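With mature numbering (1 follows the signal peptide of the UniProt record, and there is no 0) as the guide, the letters of the sequence shown map in order to residues -23 to -1, 1 to 164. We put the CB at the ideal spot given by N, CA and C, even for glycine. This structure is a prediction, so every number in the text was calculated from the model and none was measured. Beneath this line is the structure, given in structure tokens, with notes to follow.
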Amino acid sequence: MFAVSLFVCLFIAWVALFLSAHCELTLTLIRKHIFINNAKTWSDAQKFCRENYADLSTIDSHEELTRFKSDSNDQKADSTESWVGLNKLSVDRQWVWSDGSREISMPWKAGQPDTPYTAFCCKSSGGELYDYVCDHQYPFFCYEPLFDLKAVNLHNAYSLCKSSAVVLGFPFMHCISLYAMFMLFKL
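Quick look at the structure:
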């Protein structure tokens, strides 16, 4: 009975969302970076993060870099050499975060990357990136998604859901439904 009621509420809220010219809340992805003080290869670290959190840490904006530095400092891991999600393991050998993002907002250490043909993974230390051979073992940073609610109009909510749905692994319509639920219950 509860599932049917929830479905009806979500459907009504979803319809109301699209009939409304203005919306009050939207959902934004924020990452919480967790230091794992257990040395693993880059691939094993990625597997661990995907099984226990969301993925290896992604730093794809200046705001995210600030959060990463704050989280690593809070966990006393800011100067520890640690794997993050940046790699060039794809066929095109371009640097990409393990969650698919290509924006790199974390600065490279001076002289880095310096081994273009053998180092396809990245570690961080002191808020800077170093390319490194993926088979070495280091502690690492995972992230877990958190959410931030902000006021926007319907067009911006639509755009946000369209872009965030891929990052969060939600189908687009689930994102819109979540948005509608937040609208309906003013969460």
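(request) Go ahead and pull the three-state DSSP assignment for residue 16. (result) Indexing the sequence shown from 1 puts residue 16 at position 39. In this structure, residue 16 counts as strand in the three-state DSSP scheme.
(request) Give me the Cα-Cα distance between residue 42 and residue 27, rounded to the nearest whole angstrom. (result) For this step, residue 42 is matched to residue 65 along the sequence shown. For this step, residue 27 is matched to residue 50 along the sequence shown. In this structure, the alpha-carbon of residue 42 lies about 21 Å from that of residue 27.
(message) Per the DSSP calculation, residue 119 is bridged to which residue(s)?
(response) Looking up residue 119 in the sequence shown gives position 142. DSSP output for residue 119 lists 11 and 33 as bridge partner(s).
(message) Check for me: the alpha helix (DSSP H) holding residue 80 runs from which residue to which?
(response) If you number the sequence shown from 1, residue 80 lands on position 103. No alpha helix (DSSP H) holds residue 80; DSSP gives it neither H nor E.
(request) Taking residue 82 and residue 37 to be in contact with their CB atoms under 8 Å, please state how far apart those CB atoms are, rounded to whole angstroms. (result) As a working note, residue 82 is residue 105 in the sequence shown. As a working note, residue 37 is residue 60 in the sequence shown. That pair is a contact at about 6 Å.
(message) For the alpha helix (DSSP H) containing residue 49, name the first residue and the last one.
(response) In the sequence shown, the residue the question calls residue 49 occupies position 72. 39 to 51 is the span of the alpha helix (DSSP H), which, as asked, contains residue 49.
(request) For residue 50, count neighbouring Cβ atoms within 10 angstroms of its own Cβ and tell me buried if that reaches 16, exposed if not. (result) Start at 1 with the first residue of the sequence shown, and residue 50 comes out as number 73. Residue environment analysis places residue 50 among the exposed positions, since fewer than 16 neighbouring C-beta atoms fall within 10 angstroms of its C-beta.
(request) Using the DSSP secondary-structure output, state which residues sit across from residue 109 in a beta bridge. (result) Your numbering for residue 109 matches position 132 in the sequence shown. Paired residues: 98.
(message) Looking at the strands, I want to know which residues DSSP matches up with residue 85.
(response) Locating residue 85 in the sequence shown gives position 108, where the first residue counts as 1. In DSSP, residue 85 forms a bridge with 106.
(request) Compute the Euclidean distance between the alpha carbons of residue 103 and residue 94, then round it to the nearest angstrom. (result) As a position in the sequence shown, residue 103 is number 126, starting the count at 1. As a position in the sequence shown, residue 94 is number 117, starting the count at 1. Cα-Cα distance, rounded: 25 Å.
(request) Using the DSSP secondary-structure output, state which residues sit across from residue 66 in a beta bridge. (result) To locate residue 66, count along the sequence shown from 1; it is residue 89. Note: residue 66 sits in no beta bridge, so no partner.
(request) Out of 123, 68 and 13, point me to the one whose CA is closest to residue 58's CA. (result) To locate residue 58, count along the sequence shown from 1; it is residue 81. Of the candidates 123, 68 and 13, the one whose C-alpha sits nearest the C-alpha of residue 58 is 13.
(message) Using the Cβ count rule (16 or more neighbours within 10 Å means buried), how would you classify residue 24?
(response) What you label residue 24 is simply residue 47 of the sequence shown in a count that begins at 1. The residue is exposed, with fewer than 16 neighbouring Cβ atoms inside 10 Å.
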